[in-house]
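Residue numbers (the working numbering): 8 to 129.
Backbone N, C-alpha and C fix where the C-beta goes; we use that ideal spot for every residue, glycine too.
All values derive from a computational prediction rather than experimental measurement.
The structure appears below as structure tokens.
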């Protein structure tokens, strides 16, 4: 399974990368979504992703902005998860209305692992 991970906190990004790799995922991690969009090919990277896991609050593009871009280009909203300890009623409602899976930080690793395993296609 190919996972694209967007998390601006280095320690959290490393911990999640390690966890995903232990689950057998091939992980590409970035500290900000603009890193992936500014690569050659722009948003075509999303065509190779099975799931996208992103933080909500990042410096240059929020996880919700990323999700809107991805779903607007045809990426399945059920394959996007947003993690945050700073959910507001408005952004939680927005994410849920898009059909995106939301997780609270501090993260319940067992819940995230179950969600990832439910998406395994191999």
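Starting from the C-beta of residue i, find all residues in its chain whose C-beta is less than 8 Å away, skip the five residues before and the five after it, and write them out in chain order.
i	result
residue 72	40
residue 82	53, 56, 59
Give me, in chain order, the residues of the same chain whose beta-carbon lies closer than 7 Å to that of residue i; leave out the 5 immediate sequence neighbours on both sides.
i	result
residue 86	57, 58, 59, 126
residue 112	90, 91, 92
Restricting to Cα atoms, I'd like to know which of the options is closest to residue i.
i	options	result
residue 53	31, 69, 76, 68	76
residue 31	22, 15, 8	8
residue 105	34, 43, 89, 11	89
residue 101	80, 25, 69	69
Give the range of the beta strand (DSSP E) segment to which residue i is assigned.
i	result
residue 41	Element bounds for residue 41: not the beta strand (DSSP E) but the alpha helix (DSSP H), 40-44.
residue 90	87-91
residue 36	33-37
residue 21	Careful: residue 21 lies outside any beta strand (DSSP E), inside the alpha helix (DSSP H) at 17-29.
residue 101	Where residue 101 is concerned, there is no enclosing beta strand (DSSP E), although the alpha helix (DSSP H) it sits in stretches over 96-105.
Using the C-alpha atoms, what's the distance from residue j back to residue i?
i	j	result
residue 1	residue 51	Outside the displayed span of the chain (8 to 129) sits residue 1, for which this structure offers no information.
residue 17	residue 65	12 Å
residue 46	residue 115	32 Å
residue 22	residue 94	21 Å
Mapping DSSP to helix, strand and coil, what is residue i?
i	result
residue 58	strand
residue 129	Legend: pLDDT at residue 129 = 48, less than 50; position of this residue unreliable, value from coordinates given subsequently. Coil, per DSSP.
residue 14	coil
Spatial neighbours of residue i within its chain, please: CB distance less than 6 Å, with the 5 preceding and 5 following residues excluded, ordered by chain position.
i	result
residue 11	35, 56, 59
Which residue marks the beginning of the alpha helix (DSSP H) containing residue i, and which one marks its end?
i	result
residue 72	70-79
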